[in-house]
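S.K.:
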Amino acid sequence: MSTVSVSFAIIVFACGTYTLRVSGVLLRARVALSARATASLDRSIVCLLVTVALTSMLFDGNDFGGIARVIGVSVAAIAAWFKAPLVAVVIVAASVTALLRLSGIA
Numbered sequence: 029m030s031t032v033s034v035s036f037a038i039i040v041f042a043c044g045t046y047t048l049r050v051s052g053v054l055l056r057a058r059v060a061l062s063a064r065a066t067a068s069l070d071r072s073i074v075c076l077l078v079t080v081a082l083t084s085m086l087f088d089g090n091d092f093g094g095i096a097r098v099i100g101v102s103v104a105a106i107a108a109w110f111k112a113p114l115v116a117v118v119i120v121a122a123s124v125t126a127l128l129r130l131s132g133i134a
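Under the working numbering, think of the first position of the sequence shown as 29, with each following residue one higher.
(1) Quick one: what's D88 bridged to in DSSP?
(2) What residues in its chain sit with their C-beta under 8 Å from that of V117, if we drop five residues either side in the sequence?
(3) Taking L77 and G100 to be in contact with their CB atoms under 8 Å, please state how far apart those CB atoms are, rounded to whole angstroms.
(4) Would you mind listing the alpha helix (DSSP H) stretches within the stretch 30 to 68 that are 4+ residues and don't spill past its ends, in chain order?
(5) Between which two residues does the alpha helix (DSSP H) harbouring I119 extend?
(6) Look at V120 and A112 and say whether their C-beta atoms are less than 9 Å apart.
(7) Please state whether DSSP places I73 in a helix, a strand or coil.
(8) State yes or no: is the C-beta of I133 within less than 9 Å of the C-beta of I95?
(9) Put A134 into one of helix, strand or coil per three-state DSSP.
(10) Give me the Cα-Cα distance between S35 and C43, rounded to the nearest whole angstrom.
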């Protein structure tokens, strides 16, 4: 792929993202969703975020990411569950993963 085609793709995706965000703001007052539809959308957002997180946690390209990464992300999830600040969650996850890798657990 050339630099021009990558730049063009980035611009197209940026414009699409901006259009979706603006349309949400503009249509919010005109379109009324039922409580069931709103709850369904909220659940679908959570499901999407969880699947992206799990995929990133488990795989590094086409290969397994390693047990240290899985344990580090799991510890971060537990810290986030207990409402730790974001900086603390990131530091805890990085520290646990680094210590496990230093001890020989890949």
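For glycine and all other residues, C-beta sits at the position ideal for the given N, C-alpha and C.
M.R.: This is what the structure gives:
(1) Stepping through the sequence shown from its first residue, residue 88 is reached at position 60. Paired residue(s): D91.
(2) The residue labelled residue 117 in the question sits at position 89 within the sequence shown. Around V117: A104, A107, A108.
(3) Reading the sequence shown from its first residue, position 49 is the one you call residue 77. Reading the sequence shown from its first residue, position 72 is the one you call residue 100. Distance from L77 to G100 at the Cβ level is roughly 18 Å; contact not present, criterion being Cβ atoms closer than 8 Å.
(4) 31 to 55
(5) Here residue 119 refers to the residue found at position 91 of the sequence shown. 114 to 130 is the span of the alpha helix (DSSP H), which, as asked, contains I119.
(6) Reading the sequence shown from its first residue, position 92 is the one you call residue 120. Reading the sequence shown from its first residue, position 84 is the one you call residue 112. Going by C-beta atoms, V120 is nearer than 9 Å to A112.
(7) Translated into the one-based positions of the sequence shown, residue 73 becomes position 45. Helix.
(8) On the sequence shown, position 105 is the one that residue 133 refers to. On the sequence shown, position 67 is the one that residue 95 refers to. Going by C-beta atoms, I133 is nearer than 9 Å to I95.
(9) On the sequence shown, position 106 is the one that residue 134 refers to. Reduced to three states, the DSSP call for A134 is coil.
(10) Numbered from its first residue, the sequence shown carries residue 35 at position 7. Numbered from its first residue, the sequence shown carries residue 43 at position 15. Going from the Cα of S35 to the Cα of C43 covers about 12 Å.
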